[in-house]
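**Student:** Residues 1 to 209 in the working numbering are what the sequence shown lists, from first letter to last. Using N, Cα and C, we set each Cβ at its ideal position, and we do this for glycine too.
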Amino acid sequence: MKFYDCATAPSPRRVRMFIAEKNLDVPVVEVDLGSREQHGDAFASLNPHRTVPVLELADGTVLTSSHAICRYLEEVHPRPALMGSNPQERGRIADLDWRIEQEGFLAVGESFRNRAKSFKNNAVPGKHEHAQIPELVDRGRSRASQFMQWLDTQLDDQTFVAGEQFSVADITAFTAIEFAKWIKLEAPAEYVNLHRWYSAVSARDSARL
Ligand SMILES: N[C@@H](CCC(=O)N[C@@H](CS)C(=O)NCC(=O)O)C(=O)O
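1. Does the beta-carbon of glutamate 178, which I'm using as the reference point, lie nearer than 8 Å to any heavy atom of ligand 1?
2. What are the start and end residues of each continuous alpha helix (DSSP H) run of 4 or more residues lying completely inside the region 75-131, in chain order?
3. Buried or exposed for alanine 42, going by 16 or more other Cβ atoms inside 10 Å?
4. Is it the case that the CB of asparagine 122 approaches a heavy atom of ligand 1 more closely than 8 Å?
5. So valine 15 is in the alpha helix (DSSP H); what residue range does that whole segment cover?
6. Taking 6 Å as the limit between beta carbons, can you name the residues of its chain near alanine 123, skipping five residues before and five after?
7. Does the distance between the C-beta of threonine 64 and the nearest non-hydrogen atom of ligand 1 fall short of 8 Å?
8. Given 8 Å as the limit, is there contact between the region 35-53 and the region 85-102, that is, 3 or more CB pairs closer than that?
9. Taking buried to mean at least 16 other C-beta atoms within 10 Å of its own C-beta, is tryptophan 197 buried or exposed?
10. Which residues in the same chain have their Cβ closer than 6 Å to the Cβ of leucine 209, if we skip the five residues on either side of it in sequence?
11. How many whole angstroms separate the CB atoms of alanine 9 and valine 52, which I take to be in contact at a CB cut-off of 8 Å?
12. Count the other C-beta atoms from every protein chain shown that fall within 10 angstroms of the C-beta of lysine 22, then say buried if there are 16 or more, exposed otherwise.
13. In its own chain, which residues sit with a C-beta less than 7 Å from the C-beta of aspartate 170, not counting the 5 before and 5 after it?
14. With respect to 8 Å, is the separation between the Cβ of glutamate 129 and the closest non-hydrogen atom of ligand 1 below this value?
15. When the Cα of serine 199 is compared with those of Ser142, Phe174, Thr153, which residue comes out closest?
16. Excluding the 5 residues preceding and the 5 following leucine 136 in the sequence, name in chain order all residues of the same chain whose CB lies nearer than 6 Å to its CB.
17. Using three-state DSSP, classify phenylalanine 166 as helix, strand or coil.
18. Give the secondary structure of leucine 55 by DSSP, where H, G and I count as helix, E and B as strand, and everything else as coil.
19. Measuring CB atoms only, is the region 173-191 touching the region 140-153, in the sense that at least three cross pairs come out at less than 8 Å?
20. Using the rule of at least 16 other Cβ atoms within 10 Å of the residue's Cβ for burial, across every protein chain shown, is serine 45 buried or exposed?
21. With distance defined between alpha-carbon atoms, name the residue in Thr153, Ala68, Ser11 nearest to valine 31.
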């Protein structure tokens with residue numbers, strides 16, 4: 001098994017945290033997005049979508065999204081459970097994880113990629129060129145702010161995003177909040193639940209990767 005990572009990119013960070021929480025030792029291949037290695041023949045033949053993270057399994061199966069990689073690792077290494085321990089929990093955590101990715105993580109990405117000069121013709125990750133749309137800089141930022149407000153409320157009466165157990169939903173939310181620093185967006189001080197949770201997750205070993 002090989003994990004294609006990029007130490008500076010936010011999506012592979014989700015998988016790095018997941019692997020660390022599972023205490024797994026997975027060989028890593030670093031992909032240099034800065035020099036556009038993802039568009040080179042070697043990587044593009046592995047993942048035609050030209051994005052990281054990628055998990056290549058021993059039988060040659062290639063998984064090309066954070067969610068699928070985490071799902072696979074959870075199936076093979078069920079403990080500690082990060083995606084729920086019964087059907088109800090699994091459904092609930094999947095629901096939260098999807099919402100956090102859509103409304104938090106991707107909202108930050110929308111703002112960042114439509115502004116950064118280096119993404120002038122690559123506003124959407126992947127093989128196709130897409131011009132930036134300047135209006136999406138503010139829209140993404142505003143959606144990310146709304147996400148933070150929702151997250152603070154979600155954490156009002158529970159330790160973690162999905163309840164009292166740390167889960168993949170915390171990993172996606174934490175990496176989204178970290179990613180938001182790239183657009184200089186931080187949660188307001190009055191979001192005390194969010195800040196309490198952020199301090200707790202930051203203190204985990206997996207958060208340092
Ligand atoms: N949904 C995918 C998104 C992957 C993604 O967008 N990865 C970015 C890095 S955070 C990437 O590979 N970008 C390459 C590029 O922009 O060319 C996942 O979560 O795995």
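**Tutor:** Let's see:
1. Stepping through the sequence shown from its first residue, residue 178 is reached at position 178. No, the beta carbon of glutamate 178 sits no closer than 8 Å to any heavy atom of ligand 1.
2. 87-100, 106-113
3. In the sequence shown, the residue the question calls residue 42 occupies position 42. Looking at its Cβ environment, which holds fewer than 16 other Cβ atoms inside 10 Å, alanine 42 is exposed.
4. Residue 122 sits at position 122 when you count from the first residue of the sequence shown. Asparagine 122: yes, Cβ under 8 Å from ligand 1.
5. By 1-based counting over the sequence shown, the position of residue 15 is 15. Valine 15 -> alpha helix (DSSP H) spans 10-21.
6. The count along the sequence shown starts at 1 and reaches residue 123 at position 123. Taken in chain order, the residues that qualify are Arg113, Asn114, His130, Gln132.
7. Along the sequence shown, read from residue 1 onward, the residue named residue 64 stands at position 64. Within the cutoff, so yes.
8. no
9. The count along the sequence shown starts at 1 and reaches residue 197 at position 197. It is buried - the Cβ of tryptophan 197 has at least 16 other Cβ atoms within 10 Å.
10. Position 209 of the sequence shown, counting from 1, holds the residue named residue 209. Around leucine 209: Arg16, Ala20.
11. Within the sequence shown, residue 9 is the residue found at index 9, counting from 1. Within the sequence shown, residue 52 is the residue found at index 52, counting from 1. Between valine 52 and alanine 9 the Cβ distance is about 6 Å, and since that is below 8 Å, they are a contact.
12. The residue given as residue 22 occupies position 22 in the sequence shown. Under this definition lysine 22 is a buried residue.
13. Here residue 170 corresponds to residue number 170 of the sequence shown, with the count starting at 1. If we look at aspartate 170 and ignore the five residues flanking it on each side, its Cβ neighbours are Phe160, Val161, Val201.
14. As a position in the sequence shown, residue 129 is number 129, starting the count at 1. Using a cutoff of 8 Å, the CB of glutamate 129 does not count as near ligand 1, since none of the ligand's heavy atoms is closer than that.
15. On the sequence shown, position 199 is the one that residue 199 refers to. Ranking the options by Cα distance to serine 199, first place goes to Phe174.
16. Within the sequence shown, residue 136 is the residue found at index 136, counting from 1. Result list for leucine 136: Glu110, Asn114, in chain order.
17. The count along the sequence shown starts at 1 and reaches residue 166 at position 166. If DSSP states are grouped into helix, strand and coil, phenylalanine 166 belongs with coil.
18. Residue 55 sits at position 55 when you count from the first residue of the sequence shown. Strand, per DSSP.
19. When C-beta atoms of the region 173-191 are compared with those of the region 140-153, three or more pairs fall below 8 Å, so the two segments count as touching.
20. Reading the sequence shown from its first residue, position 45 is the one you call residue 45. With fewer than 16 other beta carbons inside 10 angstroms of its own, serine 45 counts as exposed.
21. Counting from 1 along the sequence shown, the entry for residue 31 is found at position 31. Of the listed residues, the one whose Cα sits closest to valine 31 is Ser11.
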